[in-house]
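Asker:
Residue numbers (the numbering used here), protein chains in the order written: chain U, 1 to 278; chain E, 1001 to 1598.
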């Protein structure tokens, strides 16, 4: 079995860190090896799929890796470096630093690179989508920007969508517009808490009969922090409320095809992907 | 029966640890006005001191030349040392009779039975709404704080991540000593650089380390007294468990079920660190149970023992639970029941010989370690006078076992379960044909984290109920064949939260062990990893993932009081008293908190 020397890898990483232009030599030594790609698929499931999804199509947290055009890793060597060292400032950890031991061997990392390459879509899908028109719709007739922010412009009630084009698949974005309640988006993530807050819809009635409807920014057993449609933040103690109800019916309206055509939705998705690729 | 608050006059901390030292000085007869005399006396005392700490192993402890000559000095030192021991020595007798000193919490679960119940009732149903934080100790560690503190005679001993250990003034939270093990850079913790606490015996506390050492520390200074290597950390061995002191032995179980270790439970001589026995939880060739492993799979069969067991003094048996077979999520290649993975073991404390075992999950493919605290419960004479042991298992069933024979009495689901719908002739739930992971992925309940996990439960003798932290979460299990490679993760499968939109639910549940019936429950906002404490004050305490410490009415599980600690809880609460004042303590975020009446 192939095993790359440590010295070789160190030299390789040093080259990457030095910012040298990549050459054909930076390619995966296991490139095109179907058996290596299969081994990589299993390694991927165990080490990567929690965030990047089975099949590398992107889970709730990590980007879709089946796109040929990636934000951080272009060459095989860059991909190896990112898997080894992580991406600072993101949730992508360095190999062996997630509290689960020493991580993968170099060979196993190259197997994963081979697997990811084997999964990449060769042609960009739906090349006809119009990102410029998508932007017009986002800030115009489709009313997305009433609740969603992109690059600092838009509303605050829903999740900021600046990065969503890179972290979710095209299909997942379409699905979340057509069926917004199927999977609620994640909101605030606290350092030691296992699960992030979700964008749950809440209705509270105060002791004096005032009804407050909105989205939970955070919640525990005793208090809740709500943003209403007017972007006012309400800080409430549950025991003082007359009633408190949560719903997993998203505050986002369901966009059927009679409200937003498939073509227009594709344009909006193309816009979001173009923003995330910047 | 309500316990009475013992003010602990015979072992009160009021006179202070400094008293023996003052006594030494006096007996040595140096003059405070003579610095040279003082220096000489202290030098001789310190040089002689290691003699009284027991053997020094492996040359890892700094050893000073022994330089005393005068018999009078030796005699006075003996007097001083014994005076000191009279106050602080934690004998086996004290551990057996811990009910006589409810102000102290001297083992992981508070006593040998694993009940995590405090007989203190100063904080009770009528005044719990008034309790306030008394102190906070910041450990400066990151990650999950899973420690369960000990308290003996006014001093609190606890641990934090990366094998920190510390002793605090339990009244104020002020540190007396701090220790941190210098760990190698390539340790193999599976699930965080965590530690769940210390054992105490004699004048030492005992720590299992992430690089698979067992260490004895001087309880008064934190200095290393002995340090032994239990196993090679580079092949995935580590310790996260709080050891258990029994007689003169320190009993401890290995971690590494995610690395294909061959699991074991060890007992070390508390004085010297010499290993007295080892029980391999995966039988070797020629041993009973070996036939339950396919081929050579036993060599990397897992069955770690990473949570603290319990001890039954009348029968001299240790009850210790074991974890998953390796690889954790793939049964192919290890056909058979895979004994003694996911089992409760009854071991002779002196020899480590097994009296009986009970396997909760045969041939596990879901990482359902049975490493939950097994709680010793005796039913009243008029209710049959049974000697039982109860365990709320990670696989979603609550088991009650006759601890004399190991015979199963009952098994009742206490959470959402899809893996089993029938029982075998012994009454043990068995897997159905929808339980194994598949290549394309199959959704199974409970998920890999289980209905419960390592979080300590409590049994409250006053309500007769068993309280346990539980979650309803299903996972999609997808196989991913993986060769064994020494020191590398060995799961053989992947699992993910199921795609279903339903949220994961977290509960505190109260189960009647007599019937298995769930009597009360409190639903948390999200699942929590907090343990549970009950007290004679009619209260149950637990924490949540949102950072709250919560007091409940033990009868109704209605929340009576809460405090926001600012970090998720992965630790169990405990209770103690100093100077006649009751405290309840728990770790959250990266700090230990103590609460008491204003």
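Using N, Cα and C, we set each Cβ at its ideal position, and we do this for glycine too.
Any idea what DSSP makes of residue 71 of chain U, helix, strand or coil?
Answerer: Mapped onto the first chain, residue 71 of chain U falls at position 71. Three-state DSSP puts residue 71 of chain U in coil, outside helix and strand.
Asker: To the nearest angstrom, report how far apart residue 1591 of chain E and residue 1194 of chain E are at their CA atoms.
Answerer: Your numbering for residue 1591 of chain E matches position 591 in the second chain. Your numbering for residue 1194 of chain E matches position 194 in the second chain. Rounded to the nearest angstrom, the two C-alpha atoms are 14 Å apart.
Asker: What's the C-alpha gap between residue 257 of chain U and residue 175 of chain U?
Answerer: As a working note, residue 257 of chain U is residue 257 in the first chain. As a working note, residue 175 of chain U is residue 175 in the first chain. Looking at the two C-alpha atoms, the distance is approximately 12 Å.
Asker: Pop quiz: residue 1544 of chain E and residue 221 of chain U are said to be a contact at Cβ under 8 Å. What is the actual Cβ separation, rounded to whole angstroms?
Answerer: The residue given as residue 1544 of chain E occupies position 544 in the second chain. The residue given as residue 221 of chain U occupies position 221 in the first chain. So it is a contact: roughly 6 Å between Cβ atoms.
Asker: Buried or exposed: residue 1569 of chain E, going by 16 or more other Cβ atoms within 10 Å of its Cβ?
Answerer: Counted from its first residue, the second chain places residue 1569 of chain E at position 569. It is buried - the Cβ of residue 1569 of chain E has at least 16 other Cβ atoms within 10 Å.
Asker: Comparing C-alpha positions only, which one of E:1394, E:1129, E:1115 and E:1352 sits nearest to residue 1366 of chain E?
Answerer: By one-based count along the second chain, residue 1366 of chain E stands at place 366. Among E:1394, E:1129, E:1115 and E:1352, the Cα nearest to that of residue 1366 of chain E belongs to E:1394.
Asker: So that I know if they touch, is there some Cβ in chain U lying closer than 8 Å to that of residue 1496 of chain E?
Answerer: Here the question's residue 1496 of chain E lines up with position 496 in the second chain. Taking Cβ atoms only, chain U reaches closer than 8 Å to residue 1496 of chain E, which makes this a yes.
Asker: Tell me the rounded alpha-carbon separation between residue 1274 of chain E and residue 1205 of chain E.
Answerer: The residue you call residue 1274 of chain E lines up with position 274 of the second chain. The residue you call residue 1205 of chain E lines up with position 205 of the second chain. Looking at the two C-alpha atoms, the distance is approximately 16 Å.
Asker: Using DSSP bridges, identify the partner residues of residue 1262 of chain E.
Answerer: Along the second chain, one-based indexing puts residue 1262 of chain E at 262. BP columns for residue 1262 of chain E point to E:1302.
Asker: So for residue 1460 of chain E, helix, strand or coil by DSSP?
Answerer: Here the question's residue 1460 of chain E lines up with position 460 in the second chain. Strand at residue 1460 of chain E.
Asker: Look at residue 145 of chain U and residue 153 of chain U and say whether their C-beta atoms are less than 8 Å apart.
Answerer: The count along the first chain starts at 1 and reaches residue 145 of chain U at position 145. The count along the first chain starts at 1 and reaches residue 153 of chain U at position 153. Closer than 8 Å, so yes.
Asker: I want to verify the contact list: residues of chain U whose CB lies under 7 Å from the CB of residue 1525 of chain E, in sequence order.
Answerer: Working through the second chain from its first residue, we reach residue 1525 of chain E at position 525. Residues of chain U passing the Cβ test: 219, 220 and 221.
Asker: Return yes when the Cβ of residue 1253 of chain E is within less than 8 Å of the Cβ of residue 1335 of chain E, no when it is not.
Answerer: For the purposes of this step, residue 1335 of chain E is identified with residue 335 of the second chain, where counting begins at 1. For the purposes of this step, residue 1253 of chain E is identified with residue 253 of the second chain, where counting begins at 1. It is not a contact, given that the beta carbons lie outside the stated cut-off.
Asker: Quick one: using the 10 Å Cβ neighbour count with 16 as the cut-off for buried, is residue 1351 of chain E buried or exposed?
Answerer: Within the second chain, the letter at position 351 stands for residue 1351 of chain E. That one is exposed.
Asker: If you pair each beta-carbon of the stretch 226-245 of chain U with each one of the stretch 198-211 of chain U, do three or more pairs fall below 8 Å?
Answerer: Cβ pair count under 8 Å is three or more, so yes.
Asker: Taking C-beta pairs closer than 8 Å, name the residues in chain E that residue 116 of chain U reaches, listed in chain order.
Answerer: Here residue 116 of chain U is taken as the residue at index 116 of the first chain, counted from 1. Going along chain E, no residue has its Cβ under 8 Å from residue 116 of chain U, so there is no contact; the nearest lies around 15 Å.
Asker: Taking the C-alpha atoms as reference points, what is the distance between residue 1315 of chain E and residue 1230 of chain E?
Answerer: By one-based count along the second chain, residue 1315 of chain E stands at place 315. By one-based count along the second chain, residue 1230 of chain E stands at place 230. Spanning the two alpha carbons is a distance of roughly 27 Å.
Asker: Can residue 1519 of chain E and residue 1508 of chain E be called in contact, C-beta distance under 8 Å?
Answerer: The residue labelled residue 1519 of chain E in the question sits at position 519 within the second chain. The residue labelled residue 1508 of chain E in the question sits at position 508 within the second chain. No.
Asker: Which same chain residues, not among the five before or five after residue 1211 of chain E, have their C-beta less than 6 Å away from its C-beta?
Answerer: As a first step, residue 1211 of chain E must be located in the second chain, where it is residue number 211. Counting only Cβ-Cβ distances below 6 Å, and skipping sequence neighbours, we find 1183, 1184, 1187 and 1233.
Asker: Find the residues of chain U that neighbour residue 1567 of chain E, judging by a C-beta separation of less than 9 Å, and give them in chain order.
Answerer: The count along the second chain starts at 1 and reaches residue 1567 of chain E at position 567. Here the neighbours are 190, 191, 192 and 193.
Asker: Nearest to residue 121 of chain U by alpha carbon, out of U:103, U:65 and U:45?
Answerer: As a working mapping, residue 121 of chain U is identified with position 121 in the first chain. Of U:103, U:65 and U:45, the residue nearest in Cα terms is U:65.
Asker: Output the distance between the C-alpha atoms of residue 1235 of chain E and residue 1175 of chain E, rounded to the nearest integer angstrom.
Answerer: Start at 1 with the first residue of the second chain, and residue 1235 of chain E comes out as number 235. Start at 1 with the first residue of the second chain, and residue 1175 of chain E comes out as number 175. Straight-line Cα distance between these residues: approximately 35 Å.
Asker: Which partner residues does residue 1130 of chain E have in the DSSP bridge list?
Answerer: For the purposes of this step, residue 1130 of chain E is taken as residue 130 along the second chain, with counting starting at 1. According to DSSP, which records beta bridges pairwise, residue 1130 of chain E is partnered with nothing at all.
Asker: Along the chain, where does the alpha helix (DSSP H) containing residue 1095 of chain E start, and where does it finish?
Answerer: Residue numbering aside, residue 1095 of chain E sits at position 95 when the second chain is read from its first letter. That run of the alpha helix (DSSP H) goes 1092-1096.
Asker: Going along chain A, which residues have a C-beta under 7 Å from residue 1491 of chain E?
Answerer: Of the protein chains in the structure, U and E, none is chain A.
Asker: Please classify residue 110 of chain U: does DSSP put it in a helix, a strand, or coil?
Answerer: The residue labelled residue 110 of chain U in the question sits at position 110 within the first chain. It is helical.
Asker: Can you tell me which of the three DSSP states residue 278 of chain U falls into?
Answerer: As a first step, residue 278 of chain U is located in the first chain; it is residue number 278 there, counting from the start. If DSSP states are grouped into helix, strand and coil, residue 278 of chain U belongs with coil.
Asker: According to a CB-to-CB cut-off of less than 9 Å, which residues of the stretch 1552-1567 of chain E neighbour chain U?
Answerer: Residues passing the 9 Å Cβ filter: 1559, 1562, 1564 and 1567.
Asker: Between residue 1539 of chain E and residue 1552 of chain E, is the Cβ-Cβ spacing less than 8 Å?
Answerer: Taking the second chain and counting its residues from 1, the one referred to as residue 1539 of chain E is at position 539. Taking the second chain and counting its residues from 1, the one referred to as residue 1552 of chain E is at position 552. Their beta carbons are under 8 Å apart, which means residue 1539 of chain E touches residue 1552 of chain E by this criterion.
Asker: Thinking C-beta only, is residue 1360 of chain E closer than 8 Å to residue 1346 of chain E?
Answerer: Position 346 of the second chain, counted from the first residue, corresponds to residue 1346 of chain E. Position 360 of the second chain, counted from the first residue, corresponds to residue 1360 of chain E. Not closer than 8 Å, so no.
Asker: Report yes or no: do the stretch 1313-1329 of chain E and the stretch 1242-1262 of chain E share at least 3 C-beta pairs separated by less than 8 Å?
Answerer: Enough Cβ pairs lie closer than 8 Å, so yes.
Asker: Quick one: does residue 1372 of chain E have its CB under 8 Å from some CB of chain U?
Answerer: Position 372 of the second chain, counting from 1, holds the residue named residue 1372 of chain E. It does not: the Cβ of residue 1372 of chain E has no partner Cβ on chain U nearer than 8 Å.
Asker: Along the chain, where does the beta strand (DSSP E) containing residue 1204 of chain E start, and where does it finish?
Answerer: The count along the second chain starts at 1 and reaches residue 1204 of chain E at position 204. Taken as a continuous stretch (DSSP letters only), the beta strand (DSSP E) holding residue 1204 of chain E covers 1204-1208.
Asker: For residue 1197 of chain E, which residues from the same chain have a beta carbon less than 6 Å from its beta carbon, with the 5 sequence-adjacent residues on both sides left out?
Answerer: In the second chain, counting from the first residue as 1, residue 1197 of chain E sits at position 197. Same-chain partners within the cutoff: 1108, 1147, 1148, 1159 and 1242.
Asker: How do the stretch 43-53 of chain U and the stretch 104-113 of chain U stand: do at least 3 beta-carbon pairs fall below 8 Å, yes or no?
Answerer: Output reads yes: the stretch 104-113 of chain U touches the stretch 43-53 of chain U.
Asker: Taking only beta-carbon atoms, is residue 49 of chain U less than 8 Å away from chain E?
Answerer: Within the first chain, residue 49 of chain U is the residue found at index 49, counting from 1. Answer yes: the Cβ-Cβ gap between residue 49 of chain U and chain E drops below 8 Å somewhere.
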